[in-house]
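Taking this note's numbering as reference, the numbering of the sequence shown is continuous, increasing by one, and the terminal residue is 284.
See structure below.
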Amino acid sequence: MPSNLVVQPVADGVRLLTLHRPQALNALNTELLAELAAELDSAERDEHTRVVVITGNRKAFAAGADINEMAERDLVGILNDPRVAHWQRIGNFSKPLIAAVNGFALGGGCELVMCADIVIAGSDARFGQPEINLGIMPGAGGTQRLLRLVGKPLAMQMVLSGEAIDAQRALRAGLISEITQPELAVERALQVARAIAGKAPLAVRLAKEALLKAQDTDLASGLRFERHAFTLLAGTQDRDEGIRAFQEKRPAQFQGS
Ligand code: DAK
28 MPSNLVVQPV ADGVRLLTLH RPQALNALNT ELLAELAAEL DSAERDEHTR
78 VVVITGNRKA FAAGADINEM AERDLVGILN DPRVAHWQRI GNFSKPLIAA
128 VNGFALGGGC ELVMCADIVI AGSDARFGQP EINLGIMPGA GGTQRLLRLV
178 GKPLAMQMVL SGEAIDAQRA LRAGLISEIT QPELAVERAL QVARAIAGKA
228 PLAVRLAKEA LLKAQDTDLA SGLRFERHAF TLLAGTQDRD EGIRAFQEKR
278 PAQFQGS
């Protein structure tokens, strides 16, 4: 069966996933979401995969859920929707996830961007939650993650009016981390991914977890988690290696222990 997801072999610890439904602007149908969730599960288990990069094509990262598929679902179908579980698996991925975005990132496409930890966007990228135009609202993080990232006024404007924003606005608002020329977005994302893949795996994992805690916990609990995680890393061989390498003026060789 032809795949909607192109998976590059892991290189330098980085797995590149390319959404590939160009005829529908990479609209996320159930099949594509299932493939993506399965691929992230496999990346989670694979010790050679340190970082995952997700991208689309120059016209679209993803233009949202597949509207034609949505048209076939009634209320019971939505209650038993397998996509809910796929979205949860994608949102719970524990290794660093980088999105390289060009063109449209709308609806579920924008929600997928918000599941990523780092977002590199081409200057032509557009981000929006246009579900309101279909008589519905975002259902995969487009109210909760968006508000936490960009704040109330802009989140309200995007979700209630359905208006999209461009890459510059998205950068100022904190939705993305960096803008590149469109043709360089994937290469820059891979460059950042390779840099992360070279760091101490346990430190990367705990640092991501601690940063995510800041989004959904109070400051005192977040600081407590940070202290515990920091203390835990003090007992690792990679910490000894990192400090020794600095003193010996050589690159560190981290082992993940
Ligand atoms: N679904 C299906 N097909 C789509 C599509 C989509 N979201 N977006 C585009 N396409 C298809 C078009 O129908 C067209 O197909 P053909 O007519 O050539 O067969 C082809 O892609 C090219 O699109 P256009 O001809 O429209 O291209 P334009 O450049 O003129 O316009 C556009 C680009 C992005 C402005 C326009 O295509 C557009 O407005 N697309 C729809 C965007 C949208 O409303 N997205 C939000 C969908 S709702 C859930 C969680 C989340 C969600 C659902 C459930 N659960 C947890 C259960 C999420 C919902 C959504 O994302």
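Using N, Cα and C, we set each Cβ at its ideal position, and we do this for glycine too.
Check whether residue i and residue j have beta carbons under 8 Å apart
i, j, result
"residue 129", "residue 209", "yes"
"residue 262", "residue 227", "no"
"residue 131", "residue 140", "no"
"residue 87", "residue 52", "yes"
"residue 173", "residue 186", "yes"
"residue 44", "residue 34", "yes"
"residue 126", "residue 143", "yes"
"residue 48", "residue 59", "yes"
"residue 235", "residue 123", "yes"
"residue 133", "residue 191", "yes"
"residue 145", "residue 219", "yes"
"residue 66", "residue 32", "yes"
"residue 104", "residue 77", "no"
"residue 96", "residue 160", "no"
"residue 229", "residue 283", "yes"
"residue 175", "residue 280", "no"
"residue 206", "residue 150", "yes"
"residue 256", "residue 233", "yes"
"residue 79", "residue 42", "yes"
"residue 251", "residue 260", "no"
"residue 30", "residue 71", "no"
Reduced DSSP secondary structure (H/G/I, E/B, other) of residue i
i, result
"residue 100", "coil"
"residue 155", "strand"
"residue 234", "helix"
"residue 193", "strand"
"residue 54", "coil"
"residue 205", "strand"
"residue 279", "coil"
"residue 38", "strand"
"residue 92", "strand"
"residue 108", "coil"
"residue 248", "helix"
"residue 284", "coil"
"residue 170", "coil"
"residue 163", "coil"
"residue 253", "helix"
"residue 120", "coil"
"residue 226", "coil"
"residue 258", "helix"
"residue 136", "helix"
"residue 74", "coil"
"residue 178", "coil"
Nearest neighbour of residue i, chosen from the options [CA to CA]
i, options, result
"residue 54", "216, 112, 136", "136"
"residue 50", "83, 76, 185", "83"
"residue 68", "116, 260, 194", "116"
"residue 158", "148, 151, 152, 169", "169"
"residue 231", "253, 179, 214", "253"
"residue 193", "180, 222, 148, 215", "148"
"residue 213", "30, 85, 31", "85"
"residue 178", "251, 197, 189, 57", "197"
"residue 112", "61, 80, 156, 93", "61"
"residue 152", "250, 89, 224, 80", "89"
"residue 222", "264, 271, 278", "278"
"residue 182", "195, 91, 156", "156"
Opposing strand residues paired with residue i [DSSP bridges]
i, result
"residue 131", "87, 153"
"residue 33", "45"
"residue 126", "81, 146"
8 Å Cβ cutoff, residue i in contact with chain D
i, result
"residue 261", "Looking for chain D here will not work: only one protein chain is present."
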